[in-house]
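Below is one structure, written out as structure tokens; comments come after it.
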Amino acid sequence: MVDASECGVRVMCRFRPLNQAEVQRGDQYIPKFKGDDTVLITAKPYVFDRVLPPNTTQGQVYDQCAKQIVKDVLGGYNGTIFAYGQTSSGKTHTMEGKLHDPQLMGIIPRIAHDIFDHIYSMDENLEFHIKVSYFEIYLDKIRDLLDVSKTNLAVHEDKNRVPYVKGCTERFVSSPEEVMDVIDEGKANRHVAVTNMNEHSSRSHSIFLINIKQENIETEKKLSGKLYLVDLAGSEKVSKTGAEGAVLDEAKNINKSLSALGNVISALAEGTKTHVPYRDSKMTRILQDSLGGNCRTTIIICCSPSVYNEAETKSTLMFGQRAKTIKNTVCVNLELTAEEWKKKYEKEKEKSKSLKSVIQRLEAELERWRRGEDVPEDEQLSAKDQKSAEPYDNTPTIDNLPPAGGGVSVCGEERRKYEEDIGDLYKQLDDKDDEINHHSQLAEKLKEQMIDQEELLASTRRDYEKIQEELCRLQMENELAKEEVKEVLQALEELAVNYDQKSQKVEEEEQANLQLSEELQHKTALLLAAQRELSQMQEINGLQRKRAVEVLNLLLRDLSDIGAIIYTSDVKAAASSETNGNGSSMEEEFTVARLYISKMKSEVKSLVNRCKQLESAQADAHRKIQANEKELASCQLLVSQHQAKIRSLTDYMQNLEQRKRQLEESQDALSEELAELQAQGKRHELSGEATVDLSKDRGDDIKKSLDEQLESHREAHQKQLSRLRDEVKEKQRMLDELTDLNQGLLLEQERLMADFSKLKEKEQEKDTKLQKLTQLNEEQETAREELKGLEETVAKELQTLHNLRKLFVQDLTARVKKSAELDCEEGLSNVAQKQKISFLENNLEQLTKVHKQLVRDNADLRCELPKLEKRLRVTAERVKALENALKEAKENAMRDRKRYQQEVDRIKEAVRAKNMARRGFSAQIGELLPAFWEFGSKEVAPNLTGSAPQPNPSGRVTPPRRPRSVVPSEPGRSAPKLNSHTGEVLGGFDGFSFSKTVASSFFKILFCRLKTTLRMPTTSPALLLLWHQQEASSLFSGSFFFFFLL
């Protein structure tokens, strides 16, 4: 820097016009203007550098107040412009105005354009670097307006003891448009509220800082200047503004900071106080260099012209008058080159030599005076000689030299100690500010975490309410299903009554079939054998069912064990301990860091256990997928079986069609034979009329009997045809039902495939989560190792710092003792000692910087730890929620399946009991065919031997074919006749097939109704009807039987 010069604070006074509210109230206009620098309030004059009346435009305000300061800043000086006044007095309008209106824009946007206009007109060899910052002081906390996450910034001092805001965002700008963009961004984040006096009242002090550095490329001359543009919040009277709640708290803080500013102005104006309370407020701390320091300062006091605000206006004018007396010492911020530093060193060296010679002459003269000698005037050192010996004007004279002697050294020593103590206290205060800033940021993060937890709790409550509603809905559906089951059971009873009536009718018709008694007796024996085989099959089925139940129980037990194994404990965040005390704060912080490290170790162990549990859960999922694949294969096999049955039924229908055609052909043949017989009868009648008259009566009888026989044959033939058509319709219906069942099985197969794909997707999701947890575990291990290394490094640095401090204190104490004992002749050796002391101080300052850097790194790591803990906790909770949901879904599925199984078993047992009760007296129906019905095919030969159960490819046992029933013949009844050439049965059918057909239709209807009511899946237990036709049975000998299959 170059030599300093004294400069006063410029104070400008601006009055705004009366606003609408004041005009409506009829307030008196009190100021009277006298010249350009004086204003009269109640006849009392107030003089300022410039008084701006209400009709002054924004451009005139800028020209009078701020235009010159732009040139000063570009010339290397520091500058400050701030507006002061009560609320709604026009401060923000003066500083900002309407930012993008050329007529109404304020000082800040005009300065932004004016700076670049000056730069464009300056020498081309100059290179400029312009940085801007924008922050506000809200509730005595510094808040960055360009980065809202920085909420409580600290004020520090640089190496020249100039205050600055640490950590504030700085933006490089290269045009006025970029500056305006920064201003718009910051203004959008400012705190503004509505009061009774102002609709857009600023609730914070805003500071817009422009830092300009310039360098001459040819001469390497470097200049720097800072310009503070401050828009202070207005002082408020709560009775006028009507502030309440948060606005009232803001008003308290605004008045407090403005009061601190007034105290600083008062202390500087008096000039007698040794202490200026800059540290009472962060605003005065930032503006310390602007008030009594190295800065050209302009204060714009804004006043209201209304008599309603007369007291506040007078207070503002008094503030301006006090501020006008402040003197700043300004100098150009010049960075000297090496050559200039060398020249300055030579000048200072010459100055030191001349001062030393003056000191020696004065000490010699003083010694002579002390010895009592009378020193002549010509030998005395006059003031002119002193000035001639002084190379500069600020060389100390006799008047301002401190008196020599022991008392002088004592006072200097005490003053030096006081200054060191004050410096240490300021340093501790800065450290405390850093600590408070860190704790406030930590508190903000904890508040955000608390808000996240509250949101998570609210979402959990909403999910719980949805689950409760779903549960109520399911309970209502369950009640409705129960009512439908009751209706089905009532319908079942009605159908049973109808079935009883039809069975009675069948019993009455069975009395006409006594002629088939012998054959039916034989068939009864075969039927008993088949029933024994059926009982064996039922026993085998029961064993298989028990085995399936055991396997299901084992599977449920395994699933419960797996659910007990899968359990993760919540990761609890470690409680951070607050640091107390002055000397031991660093050690306590490192203790907290060690605690964090130990807790991270335990969390990493729990994470490893969690990974193992997830791997076991993945294995369980693989096993379930394999089981589902097996179930899918069994369903596919069942579908293939039903398809084979459909094909066999189709073949049987074709056989029936062929038999129908054969019957029609036999009918035509019989019709032809009947015609021939009638013709023969006529010929016999014609030939026997002449010869046999006596046999006429006998021939009439024979003809009548033949007609009756033919009529009976015709009726029997018609009945047989109608019965065949009924059977064909029944077979077609059964074929349609089996087709529907096949389609249901195909749908079930598709559903199983969809479930299989869902399980695959869940498995993949669990794999990805396992990979994420593994990666997080690795990151935790890496962070733990880094913390270990950092802890060791910090411990070593602290130990080294303590050792250096001890050595420095010891060396400094020894040198102070020695310097107190030395005489004045040892002045040259004192210079070397001062150089050594300055060297040690520089080393101490460097070590202190390293120590602060280590502390900041440790604080950053402590800030990162809660984030990692939160991520780990959220991941663990998500995994636990997924496991609980999977477990609940499995439990619900098992409960539903058990409930459906019990309901179906109950219905199955009831139907089976009724069926067994009626099977004993089910009627058998048969009909005797005429002797002239003959069938030439051997395919209808009866097979009375029966067969054993045959296993199918799926491993299930197919029940044996049921043989025809044989009933012993009764007296007076003829058995069915056989063809003497082929041994085929000429007539007859199994009457039991009729009753079982009715039963099969009845139970098929029941099964469909239950399936719809209970919403059973296709694989649920169902009533299956199996129809068996003996391979070589006659046309009418067939049998049906049905059973329940799980």
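Just so we're aligned: 711 in full-length UniProt numbering is position 711 of the sequence shown, and the numbers increase by one with no gaps anywhere.
Each residue gets a CB set at the ideal place from its N, CA and C atoms; glycine is no exception.
Just so you know, these numbers come straight off a predicted model, no measurement behind them.
task: Using beta-carbon positions only, say whether Ile301 and Cys13 come within less than 7 angstroms of one another.
output: In contact: Ile301 and Cys13 (Cβ atoms closer than 7 angstroms).
- request: Determine the DSSP secondary structure at Glu379, reduced to helix, strand or coil.
  value: Coil at Glu379, not helix or strand.
query: Using the C-alpha atoms, what's the distance from Gln667 back to Arg683?
result: Each residue's alpha carbon lies about 24 angstroms from the other.
message: Run through the DSSP bridge pairs and tell me what Asp231 is partnered with.
response: Ala83, Ser206
query: Between which two residues does the beta strand (DSSP E) carrying Ser259 extend?
result: Not the beta strand (DSSP E): Ser259 falls in the alpha helix (DSSP H), residues 246 to 270.
- prompt: How about the region 758 to 773 and the region 607 to 619: do they share at least three Cβ pairs that are nearer than 8 angstroms?
  reply: yes
task: Look up Met105 in the DSSP assignment and say whether it is helix, strand or coil.
output: strand
field: Cβ contact (3+ pairs, closer than 8 angstroms) linking the region 146 to 159 and the region 216 to 231
entry: no
message: Among the candidates Leu724, Gln678, Arg714, Ser722, whose CA atom is the shortest distance from the CA of Ile702?
response: Gln678
task: Using a threshold of 7 angstroms, state whether the C-beta atoms of Glu127 and Ile210 are closer than that.
output: no
message: Quick check for students: name the residue ranges of the beta strand (DSSP E) that lie wholly in the region 114 to 179, counting only runs of 3 or more.
response: 126 to 138, 141 to 144, 154 to 157, 163 to 166, 171 to 173
- request: Assign Ala754 to one of three DSSP states: helix, strand, or coil.
  value: helix
field: Residue span of the alpha helix (DSSP H) that contains Arg16, given as start and end
entry: First-last for Arg16: undefined, no H or E at that position.
task: Please classify Gly90: is it buried, with 16 or more other beta-carbons within 10 angstroms of its beta-carbon, or exposed?
output: buried
field: Three-way DSSP call (helix, strand, coil) for Asn216 in this model
entry: strand
task: Tell whether a beta-carbon distance below 7 angstroms holds between Gly76 and Val330.
output: no
query: Can you check whether the CB of Thr87 is closer than 7 angstroms to the CB of Glu236?
result: yes
- prompt: Whose C-alpha, out of Ala112, Lys762, Gly97, is nearest the C-alpha of Met105?
  reply: Gly97
- request: Apply the 10 Å Cβ neighbour rule to Asn78 and answer buried if 16 or more other Cβ atoms are within range, or exposed otherwise.
  value: buried
query: By DSSP, does Ala193 sit in helix, in strand, or in coil?
result: strand
- prompt: For Phe839, is the classification buried or exposed, using 16 other Cβ atoms within 10 angstroms of its Cβ as the cut-off for buried?
  reply: exposed
Host alpha helix (DSSP H) of Phe319 (start-end): 310 to 324
message: Across the region 337 to 348 and the region 48 to 64, are there enough close Cβ pairs to call them in contact, namely three or more that are closer than 8 angstroms?
response: no
- prompt: Looking only at its own chain, which residues have a Cβ that is under 7 angstroms from the Cβ of Ala233, when we skip the five neighbours before and after it?
  reply: Ser202, Arg203, Ser204, His205, Ile254
- request: Whole angstroms is fine: what's the gap from Leu366's alpha carbon to Asn160's?
  value: Straight-line Cα distance between these residues: approximately 38 angstroms.
- prompt: Using the rule of at least 16 other Cβ atoms within 10 Å of the residue's Cβ for burial, across every protein chain shown, is Lys486 buried or exposed?
  reply: exposed
task: Just list the beta strand (DSSP E) runs in the region 509 to 559, keeping only unbroken ones of 3 residues or longer that don't cross its boundaries, in chain order.
output: none
message: With H, G and I counted as helix, E and B as strand and the rest as coil, what does DSSP make of Lys222?
response: strand
field: Span of the beta strand (DSSP E) around Val39
entry: Here the beta strand (DSSP E) through Val39 covers 38 to 41.
task: State the CB to CB distance for the pair Ala251 and Pro277, rounded to an integer number of angstroms; the pair is presumed to be in contact (CB under 8 angstroms).
output: Actually they are not in contact, since the Cβ atoms of Ala251 and Pro277 sit about 22 angstroms apart, beyond 8 angstroms.
message: What I want to know is whether the C-beta of Val332 ends up closer than 6 angstroms to one or more non-hydrogen atoms of the ligand HEM.
response: Ligands displayed in this structure: none; no statement on the ligand HEM is therefore possible.
- prompt: Name the DSSP beta bridge partners of Tyr46, please?
  reply: Val39
Ile30, buried or exposed, once every other Cβ within 10 Å from all chains shown has been counted against 16: Buried.
message: Quick check on this structure: which residue in Arg296, Glu891, Val497 has the alpha carbon closest to the alpha carbon of Ser5?
response: Arg296
task: Return the CA-CA distance between Cys303 and Thr313, expressed in angstroms with no decimal places.
output: 6 angstroms
message: Looking at Asp289: is its Cβ nearer than 7 angstroms to the Cβ of Val162?
response: yes
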